[in-house]
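Here's the structure we're looking at; comments come further down.
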Amino acid sequence: MLLRFDRWLCVVNGLLVAAMLAMMLSLVFANIVSRYFFSVSFGWIEEVSRYLMIWIVFIGAGLAMREGMHVAVTLLVDLTTRIKPALTWAAFALVFIFFAALTWYGIEYAQFASRQRSAMLHLPMGMIYLAVPIGSCLAILHLLLSLRDDRTASSEAQP
């Protein structure tokens, strides 16, 4: 059941990021076409695209971490195989603490910014900044599920 949830989470997370990216691409393309062919530019498209980019970054961060797409410094792990498990756990703990703090402060900041409105669409900025705690919670979930994957892989690798 956990494996099914894990697959479902990865698929839904990836589809959500892809849908937001497609929406952003379509809006920016439409704005470019309207600007150069019709001399009309829509300011709200730039605002929506900016907010979509924020959501894409935070919603996709956990999935990118899970897939190993973030920049990583592996020099210590590559040089020392004896302490590799300890370094892996230390990295896991630091990343977990970072995303937990980001969740906490993201919630506080979203609440603080909820009184502000965006310039063009007058959206509550708290809604935009909710990308930080939601994305951080997703990253924690991906981190915990990847830990399960690492434990399964390491137990299968032992003779």
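Be aware that the sequence shown starts at 2, since it is given in the working numbering, and climbs by one per residue. Don't be surprised by glycine CBs; every beta carbon is placed ideally from N, CA and C.
Practice task
Going by CA-CA distance only, name the one from F43, A132, F30, M25 that's closest to S115.
Solution key: Mapped onto the sequence shown, residue 115 falls at position 114. That would be A132, whose Cα lies nearest to the Cα of S115.
Practice task
Indicate whether the contact test is met: 3 or more Cβ pairs, each with one atom in the segment 134–143 and one in the segment 50–62, closer than 8 Å.
Solution key: yes
Practice task
Would you check if the distance between the CB atom of M21 and the CB atom of W56 is smaller than 8 Å?
Solution key: Translated into the one-based positions of the sequence shown, residue 21 becomes position 20. Translated into the one-based positions of the sequence shown, residue 56 becomes position 55. Yes, these two residues count as a Cβ contact at 8 Å.
Handout entry: Buried/exposed call for A31, threshold 16 Cβ in 10 Å
Key = Within the sequence shown, residue 31 is the residue found at index 30, counting from 1. A31 should be labelled exposed.
Practice task
Give the range of the alpha helix (DSSP H) segment to which G69 is assigned.
Solution key: Counting from 1 along the sequence shown, the entry for residue 69 is found at position 68. Per DSSP, G69 belongs to no alpha helix (DSSP H) and is neither H nor E.
Practice task
Identify every residue that forms a DSSP beta bridge with R118.
Solution key: Here the question's residue 118 lines up with position 117 in the sequence shown. Answer by DSSP bridge pairing, in chain order: P125.
Practice task
Kindly indicate which three-state DSSP category R51 falls into: helix, strand or coil?
Solution key: Numbered from its first residue, the sequence shown carries residue 51 at position 50. If DSSP states are grouped into helix, strand and coil, R51 belongs with the helices.
Practice task
Please name the residue, chosen from V18, V49, A92, E68, that lies closest to H123 on a Cα-to-Cα basis.
Solution key: Along the sequence shown, one-based indexing puts residue 123 at 122. Among V18, V49, A92, E68, the Cα nearest to that of H123 belongs to V49.
Exercise for the section: Quick one: grab the DSSP three-state call for A94. Expected result: In the sequence shown, residue 94 corresponds to position 93, counting from 1. The answer is helix: DSSP assigns A94 an H, G or I state.
Problem - For A73, three-class secondary structure by DSSP - result: Within the sequence shown, residue 73 is the residue found at index 72, counting from 1. Here A73 sits in coil by DSSP.
Handout entry: Other residues of its chain near V18: CB distance less than 8 Å, five sequence neighbours each side excluded
Key = As a working mapping, residue 18 is identified with position 17 in the sequence shown. Only I57, I60, G61, L64 meet the Cβ criterion.
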